[in-house]
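I have placed the structure first, in the form of structure tokens, so that the comments after it can refer back to it.
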Amino acid sequence: GQQVMQIPQYQHVQEGEDFTTYCNSSTTLSNIQWYKQRPGGHPVFLIQLVKSGEVKKQKRLTFQFGEAKKNSSLHITATQTTDVGTYFCAAHDRGSTLGRLYFGRGTQLTVWP
Amino acid sequence: EADIYQTPRYLVIGTGKKITLECSQTMGHDKMYWYQQDPGMELHLIHYSYGVNSTEKGDLSSESTVSRIRTEHFPLTLESARPSHTSQYLCASSELRTVGGYTFGSGTRLTVV
């Protein structure tokens, strides 16, 4: 099945610093989705990228989908304590949006005040 | 309000007991999923369904069963609970082509003693 590798597994930053998590695949992806899970909570869908080279922004969050549709990144500018949580990427195999999503292992972000 | 509901929220049960975790959604989604997750860690797919009378095994399915008799309801049964089943169980649903991402329930935190 589809393997989606996500790095780093943990990231500790001071409030105000930037943060980036990366998602990589050995095969071409149909799309990439990003989720955020607060401590003690459940994953919440943030965004989906579909097009090659696509870049989307949500306030301080910037999401990118690689030109080859094999990698993606989530960048947070000037982190805040409210950004704490685990960020997951997830993807379908190329040509399929009917099958299951494959989740990365997640990046746990800790923000020190 | 359209949502996805899981009950119970917390459950402590003895080894060997049979338990059923409930999941219902009011969004009319065709696809539903069960995941097992230790806090903030990787999501492990247990079972999923594409619609009524359709169920598929995920990566951790051997010790549990599911049924999908109604679109809105997707219960998960552990035939004989073991301490290794202690974890959080998350139910999710999505439209057929997952355009909008998965919607997750709040989860059931299971402890087997």
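Protein chains in written order, with this note's numbering: chain Z, 1 to 113; chain C, 114 to 226.
Note that the Cβ used here is the ideal one computed from N, Cα and C, for glycine as well.
Item to check | residue 91 of chain Z vs residue 4 of chain Z beta-carbon contact at 8 Å | outcome: yes
Checklist entry - Taking the Cβ atom as the reference point for each residue, do residue 180 of chain C and residue 138 of chain C lie within a distance shorter than 8 Å? => result no
Checklist entry - residue 72 of chain Z: buried (16+ other C-beta within 10 angstroms of its C-beta) or exposed? => result buried
Checklist entry - From which residue to which residue does the beta strand (DSSP E) around residue 155 of chain C run? => result Element bounds for residue 155 of chain C: n/a, residue is neither H nor E.
Item to check | Unbroken stretches of the beta strand (DSSP E), 3 residues or longer, contained in the stretch 46-105 of chain Z | outcome: 55-58, 61-65, 71-76 and 85-93
Checklist entry - Do we get a CB-CB distance below 8 Å when we pair residue 109 of chain Z with the residues of chain C? => result no
Checklist entry - Can you round the beta-carbon distance between residue 104 of chain Z and residue 88 of chain Z to whole angstroms, since I take them to be within the 8 Å contact cut? => result 6 Å
Item to check | Own chain partners of residue 131 of chain C with C-beta closer than 6 Å, once the 5 adjacent residues on each side are dropped | outcome: 192
Checklist entry - residue 43 of chain Z: buried (16+ other C-beta within 10 angstroms of its C-beta) or exposed? => result buried
Checklist entry - Roughly how far, in whole angstroms, is the beta-carbon of residue 124 of chain C from the beta-carbon of residue 223 of chain C, given that I think they are within contact range, below 8 Å? => result 5 Å
Checklist entry - Using DSSP with H/G/I as helix, E/B as strand and the rest coil, what is residue 197 of chain C? => result helix
Next on the checklist: Taking its Cβ as the centre, do 16 or more other Cβ atoms sit within 10 Å of residue 182 of chain C, making it buried, or is it exposed?
Outcome noted: exposed
Item to check | chain Z within 8 Å of residue 215 of chain C, Cβ atoms only | outcome: yes
Item to check | Where residue 145 of chain C falls: helix, strand or coil (DSSP) | outcome: strand
Checklist entry - Thinking just about the alpha-carbon of each residue, which of Z:23, Z:113, Z:8 and Z:69 is nearest to the one in residue 80 of chain Z? => result Z:113
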